[in-house]
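Student: Structure in structure tokens, see below.
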Amino acid sequence: MYYTKEELAEAKRQIDSTIHKLQQTLKTLQSKEKAEKCQSQITLARRRVKAFTIASDLIAKEAERQTEESAP
1 MYYTKEELAE AKRQIDSTIH KLQQTLKTLQ SKEKAEKCQS QITLARRRVK
51 AFTIASDLIA KEAERQTEES AP
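The sequence shown begins at 1 in full-length UniProt numbering and counts up one residue at a time.
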């Protein structure tokens, strides 16, 4: 499937924003007095950060590839 550079840029912005929010949530959960009670949420947040980071990297690579293909 083909995505425009603008679509890729917006998708990357949205994913990067989600990563930032998840990282803040993770910090909050880890700083709780009884963080061990939130362990499943902490694990899930870490997994999501990793998955979204991969997605962001793949989008960046696709955008770079499109830029290289359109270069004269």
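Each residue gets a CB set at the ideal place from its N, CA and C atoms; glycine is no exception.
1. Out of curiosity, what's the CA-to-CA distance linking E19 and A71?
2. If V49 sits next to L8, beta carbons under 8 Å apart, how far is it from one beta carbon to the other, in whole angstroms?
3. If you check the beta carbons only, do I42 and L58 fall under 8 Å apart?
4. Should A45 be labelled buried (16 or more other beta-carbon atoms within 10 Å of its own) or exposed?
5. Out of T53, Q39, Q66 and L29, state which residue places its alpha-carbon closest to the alpha-carbon of K12.
6. For the alpha helix (DSSP H) containing T53, list its first residue and its last residue.
Tutor: A quick look at the data gives this:
1. Indexing the sequence shown from 1 puts residue 19 at position 19. Indexing the sequence shown from 1 puts residue 71 at position 71. For the sequence presented, residue 19 should be read as Ile rather than Glu. Cα to Cα, I19 sits roughly 31 Å from A71.
2. Here residue 49 corresponds to residue number 49 of the sequence shown, with the count starting at 1. Here residue 8 corresponds to residue number 8 of the sequence shown, with the count starting at 1. Not a contact, Cβ separation roughly 20 Å.
3. Position 42 of the sequence shown, counted from the first residue, corresponds to residue 42. Position 58 of the sequence shown, counted from the first residue, corresponds to residue 58. For I42 and L58, no; Cβs fall outside 8 Å.
4. Residue mapping note: residue 45 aligns to position 45 of the sequence shown, counting from 1. Result: buried.
5. Residue 12 sits at position 12 when you count from the first residue of the sequence shown. Ranking T53, Q39, Q66 and L29 by Cα distance to K12 puts T53 first.
6. Within the sequence shown, residue 53 is the residue found at index 53, counting from 1. Run containing T53: Q39 to S70, per the alpha helix (DSSP H) assignment.
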